[in-house]
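Colleague:
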Amino acid sequence: RLPRRSSPDGLCAVPRGGWGPGFLCGGYLLQHDRVTRDTAEFLRATFQSLEPVPVYVAPGNHDWYGPESIYARNDWSPNVHVFRGPRLVPVPLRAGLTLWGGAHLAPANTDDFLAGFRVDGPGAHIALFHAAERSWFAEQGAGKQPHAAFDAEAIEAAGLSHAFLGHYHRPKDAERHTYPGNPDPLDFGEDGLRGVVIARVAEDGSLIRERRVVAQTEVHDLVLDVGGCGSSQEIRDRLRGLAGERSGIARLTVGGELEPEVDLREDDLRHVLLGTFDAVRVRLGDLRSGYDLAAIREEQTVRGAFVSDVLDSDLPEDEKRRVLIAGLRALDGRDDLDVL
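In my numbering, the protein residues as written are 63 to 402.
What follows is the structure, given as structure tokens:
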């Protein structure tokens, strides 16, 4: 969690470089029910360090605004503006450019910020809020809820040139809206360039976006093919070469054809990787037994009956593989039955 906590500081390094009239945060800076005074002080000091750059925060469903939230109780520096209502309200950024922002006031059931909304006043107008764009919701994966759901077409209909949004972790640069994505990795296999978005807004509301990665955590997906390795030492050597000079966190997927005589143990692979990485997850890919199961099944032996029974069972394929390898090793008189 320490690298992830450093993400706000990494993000803030960009506006410290002198970019733009404001630093926008679309929510999910913290978990409302888990925040500590230490976290509150960390955010307060981080945002204060940006002075005189203004900081605008639109609380989301995880860090919703309420009388007991740190957004209400923290002694923020004068450069910090927290939106506190369920309707979009204006804040002038510069001559001819207005920011509209709103907040979630509860962890669920927040209405569409754009429903019935229309900008007021001259110049270009942009918005900041935490919400789910409906047409892209299905691509977000399990666990994501459509909080404050809206239609992308409503942005232009409301008179807004652009909306900067929080909620979706996947990054998106649409014509009228932007999701920056999570600044630090939350899982393996994340796609897209995630982090901070530098937006230059012209007088007519058009903008140029530039993305910068500010992640403090390095996450790596490694795939190890054990095919052709005649010993566990060969596998460990191959894994060391695969890891190279990488650091951070790794997920290892093990696949290939494992020779029957090779003793492959998850703890051994983990030990190799922990010499380089801070944390490791090992999982099975297409790992196949080097045993000729079709031939063994035809044997009129205990081995043949065992293999036939397991292959005909209702066990999941991964469990079948484990049972077959462990059982055949036991029948061979081996004691290395702990199989990946």
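A virtual CB, placed ideally from N, CA and C, is assigned to each residue, including glycine.
So, for Leu-393: in the same chain, excluding its five sequence neighbours on each side, which residues have a beta-carbon less than 6 Å away from its beta-carbon?
Modeller: Arg-365
Colleague: Do you know offhand how far Ser-111's Cα is from Val-324's?
Modeller: 57 Å
Colleague: Under the DSSP definition of a beta bridge, which residues are partnered with His-192?
Modeller: Gly-228
Colleague: Give the secondary structure of Ser-333 by DSSP, where H, G and I count as helix, E and B as strand, and everything else as coil.
Modeller: According to the sequence provided, residue 333 is His. The question's Ser does not apply to it. Three-state result, His-333: helix.
Colleague: Counting along the chain, where does the beta strand (DSSP E) carrying Tyr-118 start and finish?
Modeller: 117-119
Colleague: Please classify Arg-96 as buried or exposed, where buried requires at least 16 neighbouring CB atoms within 10 angstroms.
Modeller: Burial call: exposed.
Colleague: Look at the alpha carbon of Gly-310 and the alpha carbon of Ala-170, and state the distance between them as a whole number of angstroms.
Modeller: 35 Å
Colleague: Let me know the secondary structure DSSP gives Val-276 once reduced to three states.
Modeller: coil
Colleague: Which residue comes first and which comes last in the alpha helix (DSSP H) that contains Thr-338?
Modeller: First-last for Thr-338: undefined, no H or E at that position.
Colleague: Rounded to whole angstroms, what's the CA-CA distance from Pro-114 to Gly-163? Just pull it up for me.
Modeller: 20 Å
Colleague: Rounded to a whole number of angstroms, what is the C-alpha to C-alpha distance between Arg-274 and Ile-260?
Modeller: Taking the Cα positions, Arg-274 is about 8 Å away from Ile-260.
Colleague: Have a look at Ala-214, Val-263, Ala-168 and flag the residue whose alpha-carbon is nearest the alpha-carbon of Ile-188.
Modeller: Of the listed residues, the one whose Cα sits closest to Ile-188 is Val-263.
Colleague: Given Arg-180, which residues of its chain have a CB within under 7 Å of its CB, disregarding the five upstream and five downstream residues?
Modeller: Ala-220, Gly-221
Colleague: With a floor of 4 residues, list each alpha helix (DSSP H) that falls wholly inside the region 215-271, ordered by position along the chain.
Modeller: 215-219
Colleague: With DSSP run on the structure shown, which of helix, strand or coil describes Asp-173?
Modeller: coil
Colleague: Considering just the uninterrupted stretch of the alpha helix (DSSP H) at Ala-312, what are its terminal residues?
Modeller: Counting along the chain, Ala-312 falls outside any alpha helix (DSSP H), though it belongs to the beta strand (DSSP E) covering 311-320.
Colleague: Could you pull the start and end residues of the alpha helix (DSSP H) that Thr-108 belongs to?
Modeller: 99-110
Colleague: For the 8 Å Cβ check, are there 3 or more pairs between the region 137-150 and the region 90-110?
Modeller: By the C-beta criterion, the region 137-150 is judged to be in contact with the region 90-110, since at least 3 inter-stretch pairs fall below 8 Å.
Colleague: Specify whether the region 276-289 and the region 298-314 touch according to this definition: at least 3 beta carbon pairs, one from each stretch, less than 8 Å apart.
Modeller: The region 298-314 and the region 276-289 touch, with three or more beta-carbon pairs separated by less than 8 Å.
Colleague: So what's Asp-380 in DSSP terms, helix, strand or just coil?
Modeller: helix
Colleague: Taking buried to mean at least 16 other C-beta atoms within 10 Å of its own C-beta, is Asp-397 buried or exposed?
Modeller: exposed
Colleague: Would you say Leu-150 and Phe-175 are within 9 Å of each other, going by their C-beta atoms?
Modeller: yes
Colleague: Need the endpoints of the beta strand (DSSP E) that Asp-283 sits in, please.
Modeller: 281-287
Colleague: Quick one: is Leu-91 buried, meaning 16 or more other Cβ sit within 10 Å of its Cβ, or exposed?
Modeller: buried
Colleague: When the Cα of Ala-177 is compared with those of Ala-211, Ala-120, Ala-168, Gln-295, which residue comes out closest?
Modeller: Residue Ala-211 holds the alpha-carbon nearest to the alpha-carbon of Ala-177 among Ala-211, Ala-120, Ala-168, Gln-295.
Colleague: What residues match up with Phe-212 in a beta bridge as DSSP calls it?
Modeller: Glu-195
Colleague: Can you tell me whether Val-181 is helix, strand or coil according to DSSP?
Modeller: coil
Colleague: Beta carbon of Asp-354, beta carbon of Gly-318: below 9 Å?
Modeller: no
Colleague: With H, G and I counted as helix, E and B as strand and the rest as coil, what does DSSP make of Leu-349?
Modeller: Leu-349 falls in the strand class under three-state DSSP.
Colleague: Give me the DSSP bridge partner(s) of Ala-186.
Modeller: Leu-159
Colleague: Where Cys-291 and Leu-227 are concerned, what is the direct C-alpha to C-alpha distance, given to the nearest angstrom?
Modeller: Cα-Cα distance, rounded: 50 Å.
Colleague: What is the DSSP secondary structure of Phe-85, reduced to helix, strand or coil?
Modeller: strand
Colleague: DSSP on Val-324, reduced to helix/strand/coil?
Modeller: coil
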